[in-house]
Structures are given as structure tokens and as C-alpha cells.
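J.: Residues 14 to 341 in our numbering are what the sequence shown spells out, letter by letter. The beta-carbon is built from N, C-alpha and C at its ideal position, and this holds for glycine as well. This structure is a prediction, so every number in the text was calculated from the model and none was measured.
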Amino acid sequence: MKVLVTGANGLLGSNIIRQLERRGVQSRALVRPDAQLLSLKGCKPEYFFGNITSHEDMDKACRNCDYIIHTAAITEQTLPKLKDYLKVNVEGTQNIINAAIKNNARRLIYVSSTNSIGYGDKENPGTEEMPAMKPYTESYYGSSKHMAEEEVLRAVKQNGLNALILNPSFMIGPYDSKPSSGRLLLIGYRDKIVFLTSGGRNFVPVEDVAIAACNALTRGRRGEKYLLTNSNLSYKEFYDLVDEITGFKRVKIILPSHLVKGVGILGSLAARSGRHVLLNYNNAKILTVRNFYSADKAIKELDFPQSDIRIAIGRALQWFREYNYIRK
């Protein structure tokens, strides 16, 4: 059995490669020709250098692969236009779908996001049946992931493709060389004061997500979506855990939501002039909501583990220290 993993040098992709190796499964790692491979140090996949935006590359990458786990995507939240996401997140996924069908792949696992599913609160968390909600429906990134999901489900219905969709939340863990979600740990790591919003989100150990993705090769139902989530935490609760693990206590100041949104409005105005901004109005709204979810379906059908998020935070910090992202 051979498994193609797209975005193999990313946070999730590199953890999937390691999980496949632990299981003795042969993997093919699809990475861009200019990719940085620190996250795959010590791994021994078969490398394929190509781009998911190329029909030819994807056809070649999928040849002789029994399964495909598609994690590659643009995840940056601040790009100014929807078209900035479409070529990779939607058209790239279409290329993977077509190559999977052409090469008779046994199953395609598409890794999406919780952004395409409606959220709830701690008492009534979001489930797979809930449609996406504002402000995520107004996010270009979220919209592109939803559009890609629609392409996968269309191929399931019209072409008989054996595919399912995974919707992980905010992943935390080692091998985040970019870094991506790990930036939340690195920002203000040794500052005595940290400024937060009143919002929150679901945090999940990336190594658990990798286990679920590998389990989904043979488990889970065709055409279904699975939330891969774990701990529903406010941002203050998350940073309290970080302080507990590091032993470094910080003063946490919660910024008023109207102030955060006001800064976002200014960012959106600046973006209209072509400037790249770190915070626009919609992203400001995202930072002030609490998007909480339930993983009950994935726990039951994919044997999705629920490790302590503290372990994931510690593993991430350990890796960042080892590779000098933070001071030891």
C-alpha cells in the first residue's frame, strides 16, 4: 500500500508522514520544488516535487498510489481577494480529484477546516450537520475550503469517487516549521504582558489529527464529513495552559471587542489601497467569537483519540526550542 500526502512538509502533512511510517506504510510526499523540508527531518518518504496547480504534476504524483491524503492549501488568513485562494485551494483540489479518478485511487481524504461548519458554545458545540456561519462565511479562506468540499462531494456523487472530508480545528504540535498555528505560541512568548480578545476556539493536538487521517484510509463513510476537534478554550484559558506548562506567568489583558473590530475596520480601509494588513474587519470579528465543536462522530467512526492538549502544547514548545524558534 502506498499513500500520497500533499502538503507533506506542512504541520499536519509532516505528522501524517510520521504516522504512516510508524504503521509501516509506504508514503509519497508531494512538496513544492522550492519547499523547505525541516519538518520532515528524519523521515524517509518517497519525494515527489511538484505543484498541485499543475494537472500533469498531479497525474504523475498519483500514479501507483492506492490512497491520497490531501492537506495542501493556502491557510494564510489575510490575503486581500478570494481569487488569491482559488488557484490552490479549489483548482488544486480539482486537479487532485481528477488525478485520483484517472489513477483509480481507492480513497481520497480531503482535509478541510472547521471554518466550513457551524460552531456552537461549550454547552451546545457545533456538529457536522450545522452549516457554516458568519463571520466564517465572509472569510475568503473559509469560502475557498467550502468550495473545495463541494468539488469533492460532487465527485463522490457524479463520478463514484470514494472520498471523505476531515475538518480539523486549530492544530497544535511539533514539526511546525513555517510556523503556522504555532505562531500563537511564539507571539509574546517571553513578554510579561499579553493582549487577548474575549474570543476563543477549539484546539486539537496535530498528532491526533494525523492518527485520524491515517485511520480514515480504512475507516469512515464515503461522502461524510468528520470534525477533528478537542479542547474548547477561550484565548485566556489557552494562554493559562501555556503559562502552566512553561512556568512563566504573564499578565493577560482582554481587549474590548469593539476596540478589536475598530482596528479591523482601519485594516480593511488600508487594504483597499493595496497594502498588506495583518488584521482586517472580518478577521477581527473572527477573533472575538468563540467557535466550539464536538468530535463525537469522529471518535466513534474514526477511532479519533482525545489526547490532553497540554501535551500538544509541550511537544510544540519542545520542538521550537530544539530548532531555536524560541530562547531556551
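Could you work out which residue in H68, H83, I65 and E34 is closest to E59 when comparing CA atoms only?
T.: Closest by alpha carbon: E34.
J.: In whole angstroms, give me the CA-to-CA distance for G212 and M14.
T.: Distance between the alpha carbons of G212 and M14: 43 angstroms.
J.: Suppose the cutoff is 7 angstroms on Cβ atoms and the five residues either side in sequence are ignored; what does the same chain contact list for V255 look like?
T.: Cβ within range, chain order: L198 and I326.
J.: Using only CA atoms, which one of S247, P181, S244 and I267 lies nearest to A226?
T.: Among S247, P181, S244 and I267, the Cα nearest to that of A226 is on P181.
J.: From this set, E104, N295, V38 and Q171, which residue's C-alpha is nearest Y80's C-alpha?
T.: Answer by Cα proximity: V38.
J.: Using only the alpha-carbon positions, how far apart do M160 and K262 sit?
T.: In a straight line, the C-alpha of M160 is about 42 angstroms away from that of K262.
J.: In the DSSP assignment, find the alpha helix (DSSP H) that holds G105 and state where it starts and stops.
T.: Residues G105 to K115.
J.: Taking 8 angstroms as the threshold, find out whether the region 16-36 comes into contact with the region 78-97 through three or more Cβ pairs.
T.: Verdict: yes, contact present.
J.: Which whole-angstrom value is the C-beta distance of G277 and K298, which I expect to be below 8 angstroms?
T.: With a Cβ gap of about 7 angstroms, G277 and K298 count as contacting.
J.: If you reduce the DSSP assignment to three classes, tell me which class V302 lands in.
T.: V302: coil per DSSP, three-state reduction.
J.: Does the region 65-79 come close enough to the region 94-113 that 3 or more CB-CB pairs lie under 8 angstroms?
T.: The region 94-113, when compared against the region 65-79, does touch it at the 8 angstroms Cβ threshold.
J.: Do you know whose CA, among V44, S286, N108 and K265, lies nearest V165's CA?
T.: Ranking V44, S286, N108 and K265 by Cα distance to V165 puts N108 first.
J.: State the CB to CB distance for the pair D70 and N64, rounded to an integer number of angstroms; the pair is presumed to be in contact (CB under 8 angstroms).
T.: About 6 angstroms; that satisfies the 8 angstroms criterion.
J.: Restricting to runs no shorter than 3 residues, where is the beta strand (DSSP E) found entirely within the region 178-254?
T.: Whole beta strand (DSSP E) segments, 3+ residues: 183-185, 206-209, 213-218, 238-241 and 244-247.
J.: Under three-state DSSP, which class holds F261?
T.: F261: coil per DSSP, three-state reduction.
J.: Mind reading off the beta-carbon distance from G195 to A329? Whole number of angstroms is fine, and I expect it under 8 angstroms.
T.: Right, their Cβ atoms sit about 6 angstroms apart.
J.: Report yes if the CB atom of P187 is closer than 9 angstroms to the CB atom of V219, and no otherwise.
T.: Yes, the Cβ-Cβ distance between P187 and V219 is below 9 angstroms.
J.: Here's the rule: buried if 16 or more other CB atoms are within 10 angstroms of the residue's CB, otherwise exposed. What is G233?
T.: Burial call: buried.
J.: Would you mind listing the beta strand (DSSP E) stretches within the region 48-136 that are 3+ residues and don't spill past its ends, in chain order?
T.: Runs found: 59-62, 80-83 and 120-124.
J.: Could you give the residue range of the alpha helix (DSSP H) that holds L24?
T.: L24 to R35 is the span of the alpha helix (DSSP H), which, as asked, contains L24.
J.: Measuring only from the beta carbon, is R120 closer than 8 angstroms to any heavy atom that is part of the ligand HEM?
T.: Among the components of this structure there are no ligands whatsoever, and the ligand HEM is therefore not found.
J.: Opposite S40 in the DSSP bridges: which residues?
T.: Beta-bridge pairing links S40 to V16.
J.: Check I324 in the structure and name its three-state DSSP category.
T.: Here I324 sits in helix by DSSP.
J.: What distance in whole Å lies between the Cβ atoms of A118 and L179, which are believed to be in contact at a cut-off of 8 angstroms?
T.: Actually they are not in contact, since the Cβ atoms of L179 and A118 sit about 16 angstroms apart, beyond 8 angstroms.
J.: Contact defined as beta carbons within less than 8 angstroms: I believe T210 pairs with I122. What is the distance between those atoms, to the nearest angstrom?
T.: Not quite, the Cβ-Cβ distance comes to about 33 angstroms (not below 8 angstroms), so this is no contact.
J.: Within a Cβ cutoff of 7 angstroms, which residues of the same chain sit near P46, ignoring the five residues on either side of it in sequence?
T.: F62, listed in sequence order.
J.: Taking the DSSP output, what are the residues bridged to P144?
T.: According to DSSP, which records beta bridges pairwise, P144 is partnered with I130.
J.: Taking the C-alpha atoms as reference points, what is the distance between I312 and P318?
T.: Roughly 7 angstroms separates the two Cα atoms.
J.: In three-state DSSP terms, what is I266?
T.: DSSP places I266 in strand when its eight states are reduced to three.
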